[in-house]
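Numbering (UniProt numbering), first residue to last: 1 to 57. All remarks here apply to the structure that follows.
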C-alpha cells in the first residue's frame, strides 16, 4: 500500500466546543505503531450518544 508507514491527511468533523457547530478540517494521522493498525473508513454517522455529549446536555 502506498501509505504504509507514512503520515496521511484525512477529513474530520471536529468539535472544538460543546454545542458549537462541527468544523470540517483536514487532519494528519500518524502511521500506526507496534501492535496498531490503521483502518480506512468509508462511511460513518453520529449516534444519539455522540449528539447528546456534543450538545452538552
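Idealized CB from N, CA, C, for every residue including glycine.
| query | Which of the three DSSP states, helix, strand or coil, is assigned to residue 27? | reply | Looking up residue 27 in the chain shown gives position 27. In the structure shown, residue 27 sits in a strand (DSSP, three-state: E or B).
| query | Out of 52, 38, 20, 12, which has the shortest C-alpha to C-alpha gap to residue 44? | reply | The residue given as residue 44 occupies position 44 in the chain shown. Checked all of 52, 38, 20, 12; the closest Cα to residue 44 is 12.
| field | Whole-angstrom C-beta distance between residue 18 and residue 55, which should lie under 8 Å | value | Here residue 55 is taken as the residue at index 55 of the chain shown, counted from 1. Here residue 18 is taken as the residue at index 18 of the chain shown, counted from 1. Contact holds; Cβ gap of about 7 Å.
| said: Short of 7 Å in beta carbon distance, which residues of its chain neighbour residue 8, apart from the five on each side in sequence? Order them along the chain. | reply: Translated into positions along the chain shown, residue 8 becomes position 8. The answer, listed in chain order, is 29.
| request: For residue 51, name the three-state secondary structure that DSSP assigns. | output: Position 51 of the chain shown holds residue 51. Correct three-state label for residue 51: helix.
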